[in-house]
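Numbering (the numbering used here), first residue to last: 9 to 212.
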């Protein structure tokens, strides 16, 4: 008896057609549009990785190394329509907003660091990583997946070796939670269990 296996996995071409239909639909939700864009970008990165790997194999060179996910990144959020938002030329993100509690978390981190949010409405430096580093002042803990993005909670302590040289505790209001949209995957392959961060005024 011969067993036949049928592959029901949709082709990449079909998947892209579905995502484009979502983007063309005027009634599609903002989160649906964002998720469609992120999936198209994810497919593009997969194709690039396969192409680069094939080129490396043809040249008998070492396969392309995975980007260093321990890298510390920085962006410069600014106030846009009442929320913190940022642009990033390296990812193509423009006016990417921190919503659903994340702007309030950034306000808290600024105030806790001695910076008046109103004084830096034009922009401040936000540095972040999934790994702790000496100048990190605050941290977020992953709670779970939600609406295509990820929920995080602001921790009540974070080790800061440079300023405090001890485990620092700060008074976090109860329920200080926020949502990060799929733009998170521009910086991490998967949603990190922890995100460490620091805030500072922009250098003049």
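Where is the CB? At the ideal position from N, CA and C, for every residue including glycine.
Proximity winner among the options, relative to residue i (alpha-carbon distances)
i           : options            : result
residue 137 : 109, 80, 150       : 80
residue 106 : 130, 187, 146, 149 : 187
residue 153 : 211, 35, 198       : 198
residue 47  : 87, 30, 35         : 30
residue 49  : 124, 100, 129      : 100
residue 111 : 195, 21, 185, 98   : 185
residue 157 : 127, 89, 142, 193  : 193
residue 210 : 142, 195, 102, 127 : 127
Three-state secondary structure assigned by DSSP to residue i
i           : result
residue 161 : strand
residue 140 : coil
residue 105 : strand
residue 212 : coil
residue 87  : strand
residue 75  : Below a pLDDT of 50, predicted positions are generally treated as unreliable, and residue 75, at 45, falls in that range; no measurement from the model is reported.
Unbroken beta strand (DSSP E) run spanning residue i, endpoints
i           : result
residue 203 : 202-209
residue 112 : Note, residue 112: premise wrong, no beta strand (DSSP E); alpha helix (DSSP H) at 110-120.
residue 95  : 91-96
residue 146 : 146-154
residue 192 : Here residue 192 belongs to no beta strand (DSSP E), and DSSP marks it neither H nor E.
residue 83  : 81-83
For residue j and residue i, believed in contact at Cβ under 8 Å, the rounded distance
i           : j           : result
residue 121 : residue 205 : The Cβ separation is near 10 Å, so there is no contact.
residue 151 : residue 163 : 12 Å between Cβ atoms; not a contact.
residue 129 : residue 87  : 4 Å
residue 85  : residue 134 : 6 Å
residue 208 : residue 132 : 7 Å
residue 125 : residue 139 : Not a contact, Cβ separation roughly 27 Å.
Sub-8 Å separation of residue i and residue j beta-carbons
i           : j           : result
residue 190 : residue 43  : yes
residue 146 : residue 117 : yes
residue 160 : residue 123 : no
residue 51  : residue 26  : no
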